[in-house]
Structures are given as C-alpha cells and as structure tokens.
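Please read the structure below before turning to the comments.
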Amino acid sequence: MKSRFGKFSNPLGTTEVSSEIVSVPNSDARPMVAIVRLPHFGDLALPAYETAQSAGMDLRAALAEGEHIDILPGRRALIPTGLKIALPPGFEAQIRPRSGLALKNGVTCLNSPGTIDADYRGEVGVILINHGWENFRISRGDRIAQMVVTPITQAIWMETDELGETTRGEGGFGSTGV
240 MKSRFGKFSN PLGTTEVSSE IVSVPNSDAR PMVAIVRLPH FGDLALPAYE TAQSAGMDLR
300 AALAEGEHID ILPGRRALIP TGLKIALPPG FEAQIRPRSG LALKNGVTCL NSPGTIDADY
360 RGEVGVILIN HGWENFRISR GDRIAQMVVT PITQAIWMET DELGETTRGE GGFGSTGV
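Residue numbering for the sequence shown follows my numbering, starting at 240 and increasing by one per position.
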C-alpha cells in the first residue's frame with residue numbers, strides 16, 4: 240500500500256506510515272520467552288493474546304481445584320499464577336489490571352504495573368486489591384491480570400549542577416490542570 244506520510248527508520252528497519260496502515264518489516268521478530276508450568280498450574284491454559292492486536296496476555300489464578308481466595312473490601316492478596324518465566328535480556332513483563340475487574344468489581348493490581356525483570360526466576364504472582372464494597376472471590380482459572388512483554392532501556396545518570404529551563408519548570412501534582 241502506498242504511504243501518504245513517508246518513511247522513517249526504527250530498530251526493526253524502515254517503516255511505511257499512512258493514514259490506513261503501519262507496516263513494519265520483520266514484525267514477526269518477537270522475543271522468545273521460556274515458561275515453566277509449576278505443579279499447581281496443572282491443565283490451565285497458557286497466557287495467550289486474545290486478539291491479533293492485543294498488547295497483553297491474560298494471567299489466570301492457579302489455585303487448587305475447589306480452593307478460593309476471598310478478598311474483603313480494602314484488603315489485598317497475592318494470587319499465584321503457577322508460572323515461572325525467563326525473559327530475554329532487554330525485556331520486562333508488566334503485570335497490569337484487567338479493566339473489567341476494575342470497572343465491575345473495583346478489583347485491581349496494587350502495584351501497577353508490576354515489573355517482572357529479565358533475571359527473576361520465581362513464580363509470577365499478582366497482588367490484587369479490592370477497592371469495591373463487596374467481598375471478591377478468586378477461583379481456579381479466573382483471569383486476574385494481564386501481562387505485557389516489552390523492551391526496556393536502562394538509563395545512565397549524568398550528574399550536573401543545574402537543569403535546563405522549561406516552560407513547565409518545577410510545576411507538578413496537577414499544575415498543568417486537573
């Protein structure tokens with residue numbers, strides 16, 4: 240398809256940009272993530288992208304059959320996923336809330352996004368908090384969060400005596416409007 244806006248370079252090569260499509264050559268070059276199913280994961284479905292354009296994969300509660308975790312209003316709980324992962328260097332996995340749980344039940348991830356570093360090898364756990372008014376029950380296989388695998392950059396500090404001026408200056412915490 241012909242581009243209306245031109246081309247630009249990115250780490251994956253040249254990208255054509257138009258009002259209709261963005262095509263990236265070699266876009267199939269996705270990171271390979273090693274995954275281990277722990278015994279309590281059992282026959283649960285591995286995290287998967289639900290649509291072709293999904294950014295996140297749903298994580299499920301890996302509780303024993305018939306076991307439940309009740310999260311009372313204002314309380315939090317660590318929910319096991321039954322999975323260990325090994326991300327390639329230069330990547331992280333972000334654990335994010337599921338919008339439906341937040342809207343319908345007031346349940347969200349407490350430290351959002353949670354970060355799974357490339358060198359972490361323990362079980363992926365999800366910290367949920369109940370901001371709702373009613374008890375929220377988690378059962379085996381419930382979709383509790385989503386995981387987004389994304390590249391990271393590690394910054395290098397450059398100490399200086401002062402910072403350049405900006406229009407915003409030191410304004411923060413709602414200074415640009417609420």
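Quick reminder that beta carbons are idealized off the backbone N, C-alpha and C, glycines included.
Only a predicted model underlies this, so the values are computations on that prediction, with no experimental measurement involved.
Nearest neighbour of Q292 by Cα position, chosen from V387, R335, R382, F412, turns out to be V387. For the pair G364 and D381, the Cα-to-Cα distance works out to about 14 Å. Scanning its chain for C-beta atoms nearer than 8 Å, with the 5 sequence neighbours on each side dropped, one finds around E362 the residues L277, P319, T320, G321, L322, K323, in chain order.
Here M271 has P327 as same chain residues with Cβ atoms under 8 Å from its own Cβ, once five neighbours each way along the sequence are excluded.
The beta carbons of G345 and H307 sit about 18 Å from each other, so the pair does not count as a contact at 8 Å.
Pairing F375 with I334 gives a Cβ-Cβ distance that is not under 7 Å. Rounded to whole angstroms, the Cβ separation of A303 and R379 is 7 Å, and the two are in contact under 8 Å. Rounded to whole angstroms, P390 and I377 show a C-alpha spacing of 31 Å.
Of the candidates A325, L285, G295, S414, the residue whose Cα lies closest to the Cα of A273 is A325. 7 Å or more divides the Cβ of I368 from the Cβ of L340. For L342, no beta strand (DSSP E) segment is defined; the enclosing uninterrupted segment is the alpha helix (DSSP H) at 338-344. Taking C-alpha positions only, R337 is separated from I395 by approximately 33 Å. Residue pairing by DSSP puts I324 in a beta bridge opposite I274.
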